[in-house]
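Chains as they are written, first to last, in the numbering used here: chain A, 1 to 403; chain B, 1001 to 1254. Backbone N, C-alpha and C define an ideal beta-carbon position, used for all residues, glycine too. Keep in mind the model is a prediction, meaning the values are calculated, not measured.
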């Protein structure tokens, strides 16, 4: 591999400032929506005492999970010593930090009392998975920051491997923690299973890499720098493995539930007669987010088609949001089993499928997490040198010939 | 020379001893009698003693006595805690009447469901900031000054016993200060309990002559609730979760 020179975005074109403006506008709209929700109370949202986590949580969890996965490329380079990934490690770590920041802003602004952030930072209940996650998020920023420092400052270059390894281990713990937020809920049929943690880890690999590929292709196209097929094909194949792994974990999760007589009603709800949840599961999660991308990734005739790869990544992101939607909202919509063996009814909506229609402020707040992420990335790409001058095939691997 | 024995001192000592014994014995007997509780008597807290784990306050609900169409407990709770009593999906309900129909027998019954005041409460385990806590005497509470409104406790509660305050509140009761953006639930009428009274729902149930609810100290083997539980048993809802709830039910299938 030739010596890699890094560069920053010129960022002088009107298009750059238009992009910054649009992302800034989406971010501002999200913050305005959060202010509206906090000012009026959550009664202006679609959330209820039955569906307590709504659309902002879908986006927040998706982004936090994806953050861990976006670090994949850097981890493969420094932990598993795959040289081909090394030039992209800086961008990978930057995207990881930006995704986590975007997710956390949404999560924070959806709290009933976001003004009490200081309470969350100073009062820890060490039996709470949420409290563990607060530590894990802070640690993730720290490790990724240190990792970036060791990559970008030659004075501390010798520590890169250690920093990369720490960040790698930490991000696995982080996503284990995110999955365990659900996995440790003892009373709900949708959750309370140890598979949640590894499933979230593998979901992070897939979502994070899909977002990384999109950002990489968009950045190199916009800045008219060369991005060769060697890198793209490698990432594409890796993405295929991750998508297949997500499908596998999803299959095992549902199979385990079906085998358990207690949870068959829940599985029937998600897989067969849950209305919107069944539709989103099969169409969004499985078909759009899994089977079609898998088919397209391994179709030899279009393997070098960047547009198709862009669509594949888009579908995986849409599928990921669908998957988190089914887990978060579908899991709450299914009635909580308080009295096994009884049909129940009450004024508090016991025993019935709970309905949830997101309100506009929720959608604006949730989607602003994506804008915040991209705003950080676009801004930082101009400020510091994250991108290799070229990712052309001969730069990455002079001996490589694309067949 | 033979000296005559003065028996008067001995007599005095003997009579004093007898009088003393009678006095102490009768005092002890009277004390025991005063402390003895009838089966249906409800034990309450002595307001002059500090909260401690000597007590564990709990409820026993006899579903056989619970009126299917009666909502006295719910109404009393709403009045006591200043709740609006609305039943929309975003409205707070500390206690609700649940109608159950046995899937295998078709038998129908009704019961009030509220926070079960678990010993190993999932809401307490998951709360990131320790806003959810169990008081030394077993009452589960939310510190609304600490609650950040993350709703994780609502996800974790196996009884769906918690509500989130979705909008600004007015004309609150001083006995139950609430807050927008925080989570709340049945607090077993903690201010009443601290004043030596029984929870409003239990009082209303008795006043309505159903007497389906009993309040008392689960740690005191002689309290009405403990004696009744020992005699006729009781069931904890979702006992499989081993949360050791403070609320017990009679008349539910095992």
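Per the DSSP calculation, residue i is bridged to which residue(s)?
i: residue 388/A; result: 6/A
i: residue 1248/B; result: 1060/B
i: residue 1164/B; result: 1183/B
i: residue 259/A; result: None, per the DSSP bridge assignment.
i: residue 227/A; result: 391/A
i: residue 1235/B; result: 1249/B
Residues of chain B with a CB under 8 Å from the CB of residue i: which are they?
i: residue 349/A; result: 1089
i: residue 64/A; result: Those do not exist, as residue 64/A stays about 14 Å from chain B at its closest Cβ, beyond 8 Å.
i: residue 131/A; result: 1128 and 1129
i: residue 52/A; result: 1151, 1154, 1155 and 1164
i: residue 333/A; result: Going along chain B, no residue has its Cβ under 8 Å from residue 333/A, so there is no contact; the nearest lies around 12 Å.
Give every residue of the same chain whose Cβ lies closer than 8 Å to the Cβ of residue i, excluding the five residues on either side of it in the sequence, and list them in chain order.
i: residue 272/A; result: 278
i: residue 1155/B; result: 1126
i: residue 118/A; result: none
i: residue 172/A; result: 68 and 201
Can you find the residues in the same chain that come closer than 6 Å, C-beta to C-beta, to residue i, ignoring five residues on each side of it along the sequence?
i: residue 57/A; result: 328
i: residue 1066/B; result: 1110, 1111 and 1212
i: residue 174/A; result: 68, 136 and 140
i: residue 1237/B; result: none
i: residue 12/A; result: none
i: residue 1078/B; result: 1085
i: residue 61/A; result: 324
i: residue 1191/B; result: 1175
i: residue 249/A; result: 199 and 202
i: residue 18/A; result: none
i: residue 1216/B; result: 1042, 1043, 1223, 1224 and 1225
i: residue 159/A; result: 150
Who are the neighbours of residue i on chain B, taking C-beta pairs under 7 Å?
i: residue 35/A; result: The premise fails here: residue 35/A is roughly 13 Å from chain B at the closest Cβ pair, so nothing lies under 7 Å.
i: residue 119/A; result: 1129, 1146 and 1148
i: residue 125/A; result: 1127, 1128, 1129 and 1130
i: residue 128/A; result: 1125, 1126, 1127 and 1128
i: residue 194/A; result: Simply none; closest approach about 17 Å.
i: residue 48/A; result: 1089 and 1090
i: residue 116/A; result: 1148
So with CB distances below 7 Å, who are the chain A contacts of residue i?
i: residue 1134/B; result: In chain order: nothing, as chain A lies at least about 12 Å away.
i: residue 1093/B; result: 347 and 348
i: residue 1103/B; result: 341, 342 and 343
i: residue 1159/B; result: 338
i: residue 1096/B; result: 346, 347 and 348
i: residue 1047/B; result: Correct list: empty, because the minimum Cβ distance to chain A is about 30 Å.
i: residue 1061/B; result: Going along chain A, no residue has its Cβ under 7 Å from residue 1061/B, so there is no contact; the nearest lies around 13 Å.
i: residue 1241/B; result: 186 and 187
What residue does the beta strand (DSSP E) around residue i start on, and which one ends it?
i: residue 1061/B; result: 1057-1062
i: residue 1096/B; result: 1096-1102
i: residue 1131/B; result: Here residue 1131/B belongs to no beta strand (DSSP E), and DSSP marks it neither H nor E.
i: residue 1112/B; result: 1108-1113
i: residue 345/A; result: 342-346
i: residue 1215/B; result: 1213-1217
i: residue 1142/B; result: 1140-1142
Going by DSSP, what residue range makes up the alpha helix (DSSP H) through residue i?
i: residue 151/A; result: 129-152
i: residue 1194/B; result: 1190-1194
i: residue 1207/B; result: 1200-1207
i: residue 106/A; result: 89-109
i: residue 285/A; result: Here residue 285/A belongs to no alpha helix (DSSP H), and DSSP marks it neither H nor E.
Write down the C-beta distance between residue i and residue j rounded to the nearest angstrom, noting that I regard them as a contact closer than 8 Å.
i: residue 243/A; j: residue 181/A; result: Actually they do not touch by this definition, with Cβ atoms about 24 Å apart.
i: residue 303/A; j: residue 234/A; result: Rounded, the Cβ-Cβ distance is 12 Å, inconsistent with contact.
i: residue 366/A; j: residue 59/A; result: 3 Å
i: residue 1247/B; j: residue 1058/B; result: 6 Å
i: residue 78/A; j: residue 164/A; result: 3 Å
i: residue 1186/B; j: residue 1115/B; result: 4 Å
i: residue 179/A; j: residue 196/A; result: 4 Å
Can you pull the chain A neighbours of residue i, defined as C-beta to C-beta under 8 Å?
i: residue 1099/B; result: 344, 345 and 346
i: residue 1181/B; result: 38, 41, 42, 111, 112 and 113
i: residue 1122/B; result: 185, 186 and 187
For residue i, which residues of its own chain have a beta-carbon under 7 Å away from its beta-carbon, when the five flanking residues on both sides are left out?
i: residue 1232/B; result: 1250
i: residue 381/A; result: 8, 9, 219 and 387
i: residue 1179/B; result: 1144 and 1165
i: residue 1240/B; result: none
i: residue 124/A; result: 131
i: residue 319/A; result: 284, 285, 288, 289 and 290
i: residue 210/A; result: 239, 313, 316 and 317
Note down, in chain order, every chain A residue with its Cβ under 9 Å from the Cβ of residue i.
i: residue 1167/B; result: 40, 41, 42, 43 and 44
Using a cut-off of 9 Å between C-beta atoms, extract the partners of residue i located in chain B.
i: residue 134/A; result: 1128
i: residue 104/A; result: Going along chain B, no residue has its Cβ under 9 Å from residue 104/A, so there is no contact; the nearest lies around 13 Å.
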